[in-house]
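Under the working numbering, think of the first position of the sequence shown as 5, with each following residue one higher.
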Amino acid sequence: MKPAAIVGWSGNGSQDDLARTALSKLPGEGAGLSMGARSLIARGEDPVVVARRLAHLPGATWIAVGYEFRNLSECLSRLSTLAKRYLEAGASFRLIVETDGNGEEEGDILLEATSTLLNAAKGTRVDEKNPTALFRVLMVRGRGACGVQLKQGVGGVPTSKGMRASCLVSGG
Numbered sequence: 005m006k007p008a009a010i011v012g013w014s015g016n017g018s019q020d021d022l023a024r025t026a027l028s029k030l031p032g033e034g035a036g037l038s039m040g041a042r043s044l045i046a047r048g049e050d051p052v053v054v055a056r057r058l059a060h061l062p063g064a065t066w067i068a069v070g071y072e073f074r075n076l077s078e079c080l081s082r083l084s085t086l087a088k089r090y091l092e093a094g095a096s097f098r099l100i101v102e103t104d105g106n107g108e109e110e111g112d113i114l115l116e117a118t119s120t121l122l123n124a125a126k127g128t129r130v131d132e133k134n135p136t137a138l139f140r141v142l143m144v145r146g147r148g149a150c151g152v153q154l155k156q157g158v159g160g161v162p163t164s165k166g167m168r169a170s171c172l173v174s175g176g
């Protein structure tokens, strides 16, 4: 299983800045960056290191750690592994799926993945409003990554080396 960090990205076309700055020196072999519509997959030796680098980066709206997959069956297997680590009896979870396809595909994946999580950790339940754990799946052209969201990011629009920003602070 290849570990990966999944990052919600609000940068609107500024992924080059992200790759050049925070992710320029990813540890491990095969380190790199894949992009979905609203999310990024950062591959490296330790996704927690990547998550720490992105924790306070403008543009990162949320950060999850997990595993890459090559097809839906691998995705379900990885989700089962994550559920056994992060869910215990009586816990609740929410699952968010992002694909590059149509809404029907997202719905099918959501149903299969939810069933997998419920079977992997007996006694758990789905809670959309106040979950104990938040699982994320990002699938682009049949491949992608799944993970457990560790934290919310700061969001916003990232800064760039080519642009300047001014910040006015009140002294009172």
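We put the CB at the ideal spot given by N, CA and C, even for glycine.
Nothing here was measured: the structure is a model prediction, and the numbers come from that model.
Distance check for residue j and residue i, CA to CA, integer angstroms please.
i, j, result
"Asp104", "Arg145", "7 Å"
"Glu132", "Ala95", "13 Å"
"Leu142", "Ile113", "10 Å"
"Ile45", "Gly148", "8 Å"
"Glu116", "Leu58", "30 Å"
"Cys150", "Leu83", "7 Å"
"Tyr71", "Cys171", "38 Å"
"Gln50", "His60", "Note on residue identity: the sequence assigns Asp, not Gln, to residue 50. Rounded to whole angstroms, Asp50 to His60 spans 18 Å at the Cα level."
"Val53", "Met5", "17 Å"
"Leu122", "Thr128", "6 Å"
"Val173", "Phe73", "46 Å"
"Cys79", "Lys126", "19 Å"
"Arg47", "Asn75", "17 Å"
"Gly175", "Ser81", "55 Å"
For residue i, does the count of other Cβ atoms within 10 angstroms reach 16, so buried, or fall short, so exposed?
i, result
"Ala9", "buried"
"Ser43", "buried"
"Val11", "buried"
Are the Cβ atoms of residue i and residue j separated by less than 9 Å?
i, j, result
"Pro7", "Val69", "yes"
"Ala124", "Thr85", "yes"
"Thr120", "Ala93", "no"
Given residue i, which residues of its chain have a CB within under 8 Å of its CB, disregarding the five upstream and five downstream residues?
i, result
"Glu102", "Gly40, Ala41, Arg42, Ser43, Glu110, Arg140, Val141, Leu142 and Met143"
"Ser77", "none"
Note down, in chain order, each residue of its chain lying with its Cβ closer than 7 Å to the Cβ of residue i, except the 5 sequence neighbours on either side.
i, result
"Ala137", "Tyr90, Leu91, Ala95, Phe97 and Val152"
"Leu154", "Ala55, Ile67, Ala68 and Val69"
"Thr118", "Leu99 and Val130"
Under 6 Å Cβ to Cβ from residue i, same chain only, skipping five residues before and after it: list those, please.
i, result
"Thr65", "Gly12, Ser14, Gly157 and Gly159"
What are the uninterrupted segments assigned as alpha helix (DSSP H) that are 4 or more residues long and contained completely in the region 103 to 143, given in chain order? Annotation note: the region 103 to 143 contains the following uninterrupted alpha helix (DSSP H) runs of length 4 or greater, listed N- to C-terminal: 107 to 124.
Suppose only complete runs of 4+ residues qualify. What are the alpha helix (DSSP H) ranges in the region 39 to 107, listed by chain order? Along the region 39 to 107, the alpha helix (DSSP H) occurs as fully enclosed runs of 4 or more residues at 51 to 58 and 76 to 90, listed in sequence order.
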